[in-house]
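Engineer:
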Amino acid sequence: MNQAIEIKGLCKSYPGFALQDVSFSLPEGSIMGFIGENGAGKTTTIKSILGLIRPDAGEISVLGLNPASGRRQIGEEAGAVLDGSFFSETLRTGEISAVMSRLHPNWDRGLFSEYCRRFSLPDSKPAKNFSRGMKAKLALATALAHRPRLLILDEATSGLDPVVRSEMLDLFLEFIEDETHSILLSSHITSDLEKIADYITFLHEGKIVFSLPKDEMAARYGVLKCGKTDAARLDPRHIAGKRESRFDCEFLVDNREDPAYRGMLLEPASIDDIMTFFAKGGSAQ
Amino acid sequence: MMGLILKDYYALKNYLLKQLLVGLAVCLVVSVIIESAGFLPIMLMLMTVNASISAFAIDESAKWDGYALTLPLTRAQIVLARYLFAAGSLLLTGAVGAVLGVLLDNIVFHAGALEVLGATVGIFLVYLLMSVLSLPVYYKMGVEKARLITILLYLVPFAIFVGILPSIDLAFLESLPLGWIAAGFAAAVLLLAVLSCLLSVRIYRGREF
Numbered sequence: 000m001n002q003a004i005e006i007k008g009l010c011k012s013y014p015g016f017a018l019q020d021v022s023f024s025l026p027e028g029s030i031m032g033f034i035g036e037n038g039a040g041k042t043t044t045i046k047s048i049l050g051l052i053r054p055d056a057g058e059i060s061v062l063g064l065n066p067a068s069g070r071r072q073i074g075e076e077a078g079a080v081l082d083g084s085f086f087s088e089t090l091r092t093g094e095i096s097a098v099m100s101r102l103h104p105n106w107d108r109g110l111f112s113e114y115c116r117r118f119s120l121p122d123s124k125p126a127k128n129f130s131r132g133m134k135a136k137l138a139l140a141t142a143l144a145h146r147p148r149l150l151i152l153d154e155a156t157s158g159l160d161p162v163v164r165s166e167m168l169d170l171f172l173e174f175i176e177d178e179t180h181s182i183l184l185s186s187h188i189t190s191d192l193e194k195i196a197d198y199i200t201f202l203h204e205g206k207i208v209f210s211l212p213k214d215e216m217a218a219r220y221g222v223l224k225c226g227k228t229d230a231a232r233l234d235p236r237h238i239a240g241k242r243e244s245r246f247d248c249e250f251l252v253d254n255r256e257d258p259a260y261r262g263m264l265l266e267p268a269s270i271d272d273i274m275t276f277f278a279k280g281g282s283a284q
Numbered sequence: 000m001m002g003l004i005l006k007d008y009y010a011l012k013n014y015l016l017k018q019l020l021v022g023l024a025v026c027l028v029v030s031v032i033i034e035s036a037g038f039l040p041i042m043l044m045l046m047t048v049n050a051s052i053s054a055f056a057i058d059e060s061a062k063w064d065g066y067a068l069t070l071p072l073t074r075a076q077i078v079l080a081r082y083l084f085a086a087g088s089l090l091l092t093g094a095v096g097a098v099l100g101v102l103l104d105n106i107v108f109h110a111g112a113l114e115v116l117g118a119t120v121g122i123f124l125v126y127l128l129m130s131v132l133s134l135p136v137y138y139k140m141g142v143e144k145a146r147l148i149t150i151l152l153y154l155v156p157f158a159i160f161v162g163i164l165p166s167i168d169l170a171f172l173e174s175l176p177l178g179w180i181a182a183g184f185a186a187a188v189l190l191l192a193v194l195s196c197l198l199s200v201r202i203y204r205g206r207e208f
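As you go down the protein sequences, you meet chains A and B in turn.
Sequence positions in the first sequence follow numbering that gives the first Met the number 0 and run 0 to 284.
Sequence positions in the second sequence follow numbering that gives the first Met the number 0 and run 0 to 208.
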């Protein structure tokens with residue numbers, strides 16, 4: 000299977016933060032949910048993928064190209080929605096299309112107009128008068144109107160109501176119907192990722208915790224609830240996180256199907272559970 | 000490249016058009032009061048001399064550069080487009096101002112078109128010089144910090160004309176045709192513009208977004 004994105008050993012340091020040895024692959028034809036707490040390094044990783052920053056170490060391949068030398072070609076084949084980074088809000092949709100048609104060789108004015116109609120984005124007023132949801136849809140329509148093979152979305156659905164998010168998720172699913180298309184979607188809205196992602200990559204404090212097919216993640220991680228006596232018998236190598244109260248304990252375990260848990264209350268872990276447990280003391284490998 | 004210039008124009012058009020229309024009305028009145036048609040293009044160009052700086056501020060607030068670099072554009076194209084926008088907006092306003100100034104002169108003052116055109120070209124070059132001096136500072140430091148520094152830079156041409164030139168014996172210039180002096184100044188400003196653009200590209204290539 001071809002990889003739309005392949006990252007090996009990516010490192011980037013800033014004062015007070017370091018992305019350490021980040022490696023993962025996004026296979027073509029799939030959606031990867033990219034999760035992690037605020038400041039985990041998701042945006043730094045995405046900026047490295049897009050060639051906006053220079054990594055200290057590591058190898059990145061995007062659609063077979065190196066962002067350091069092939070950023071322009073990647074720009075032809077990939078569409079990006081970056082958190083808070085777009086055209087000035089004084090522009091109207093028609094003006095954005097006029098500009099983009101001169102900046103992008105593959106820009107399709109008709110397709111952009113079609114998305115604007117579908118999303119009810121009027122040309123009669125500048126984007127600053129749009130609602131938050133409309134602005135998000137405009138950014139997505141702009142990313143899609145040059146028919147990219149890869150979408151890279153950084154918090155593209157943040158702060159949107161469920162109706163708008165649902166519209167956008169439908170569009171992602173339509174986009175991915177072409178098996179050569181792929182999406183890397185960084186989001187805090189884990190319920191969206193539960194619905195559409197094929198893979199989940201979890202970044203915690205600048206390190207990859209896991210990058211797995213969603214089904215494998217669901218099969219691997221579970222939330223175990225037990226008393227303190229049972230807790231003492233658990234294998235610490237498989238405890239990825241822990242919450243304690245006066246009477247019982249909750250553990251995030253990474254071997255949910257182990258027969259050792261038979262008879263205990265063990266539920267599948269949601270993405271939220273996994274993030275929360277790690278935030279409360281789990282450590283990345 | 001045209002797309003980037005168009006983007007700056009769209010982002011600023013309301014602000015620029017309003018400012019120019021109000022400015023035009025005020026300048027017409029002032030031109031008549033001070034009896035100088037050359038005042039008109041000079042003041043109109045002054046209103047647009049900061050257009051490229053305003054475009055910087057708008058880009059910074061929209062975090063445009065990060066987005067632009069996800070498109071198939073080179074960093075050199077992004078910088079060059081900003082220089083062309085700065086020079087183009089000055090040129091356009093200067094041309095419109097010069098035409099209106101010549102018309103005003105023909106109707107009211109009758110001092111001759113050459114006086115208006117000479118003043119327009121001379122001040123165009125001074126404004127262009129100020130722009131090319133300030134643009135690399137904006138690329139290096141961002142809008143917030145660069146504003147203060149460029150105020151000092153704007154004093155450079157002033158300091159040269161008022162502080163340095165009077166103390167230099169420029170008698171030899173009197174023997175030179177005026178056209179030569181103007182051409183020499185224009186060539187010097189254009190050379191500086193090229194060097195400034197190269198410096199800005201270098202600075203921009205080193206930046207991360």
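Ideal placement from N, C-alpha and C gives every residue a C-beta, glycine not left out.
1) Give the DSSP-derived three-state secondary structure of B:G141 in the structure shown.
2) List the residues of chain A that B:L83 touches, going by C-beta distances under 9 Å, in chain order.
3) Could you tell me which chain B residues have their CB closer than 7 Å to the CB of A:L18, listed as they occur along the chain?
4) In the region 155-188 of chain B, which residues sit with their C-beta less than 7 Å from some C-beta in chain A, listed in chain order?
5) Determine the extent of the alpha helix (DSSP H) in which B:F8 is found, giving its start and end residues.
6) For A:H203 and B:A145, I'd like the C-alpha separation in whole angstroms.
7) Residue ranges of each alpha helix (DSSP H) run of no fewer than 4 residues wholly in the region 41-117 of chain B, ordered along the chain?
8) 8 Å is my cut-off, CB to CB: does A:E94 come that close to chain B?
9) Would B:A69 pass as an interface residue toward chain A - the criterion being a Cβ-Cβ separation below 8 Å?
10) Please report the distance separating the alpha-carbon of A:L49 from that of B:M140.
11) Would a check of beta-carbon distances place B:F123 closer than 8 Å to chain A?
12) Run the CB neighbour count on B:P165, radius 10 Å, all protein chains shown included, and call it buried at 16 or more, exposed below.
13) Below 7 Å CB to CB, which residues in the same chain sit around A:V80 once its five sequence neighbours on both sides are set aside?
14) Any idea which residues DSSP pairs B:E207 with across the strands?
15) Note down, in chain order, all residues in the region 95-107 of chain A with a beta-carbon under 8 Å from any beta-carbon belonging to chain B.
16) If we count Cβ pairs, one from each stretch, closer than 8 Å, do we get three or more for the region 52-68 of chain A versus the region 259-274 of chain A?
17) Could you spell out the range, first to last residue, of the alpha helix (DSSP H) harbouring A:I195?
18) Could you run through the region 44-57 of chain B and flag, in chain order, every residue whose CB is less than 8 Å away from some CB of chain A?
19) Would you list the residues sitting across from A:T200 in a DSSP beta bridge?
20) In the structure shown, what three-state DSSP assignment does A:K241 receive?
21) Under 8 Å by Cβ, that's how I've got B:I202 and B:Y138 pegged, so tell me the actual separation to the nearest angstrom.
22) Can you say whether B:F157 is buried or exposed, counting buried as having 16 or more other CB atoms within 10 angstroms of its CB?
23) Could you please tell me which residues of the region 199-218 of chain A, in chain order, have their CB closer than 8 Å to any CB of chain B?
24) Where does A:K279 sit, in a helix, a strand or coil, going by DSSP?
Structural biologist: So, to answer that:
1) helix
2) The contacting residues do not exist; B:L83 stays about 13 Å from chain A at best.
3) Per Cβ cutoff of 7 Å: no residues; A:L18 is ~13 Å from chain B at best.
4) none
5) It is worth fixing the name first, because residue 8 of chain B is Tyr in this sequence and not Phe. Here the alpha helix (DSSP H) through B:Y8 covers M1 to I33.
6) 37 Å
7) 50-61, 63-67 and 74-103
8) yes
9) With the sequence shown as reference, residue 69 of chain B is identified as Thr, and Ala is not the correct amino acid for it. So yes, B:T69 belongs to the interface.
10) 23 Å
11) no
12) exposed
13) A138, L139, A142, L152, D153 and A155
14) Beta-bridge pairing links B:E207 to no other residue.
15) A97, V98, M99, S100, R101, L102, H103 and P104
16) no
17) T189 to I195
18) I57
19) A:F33 and A:S210
20) strand
21) 4 Å
22) exposed
23) none
24) coil
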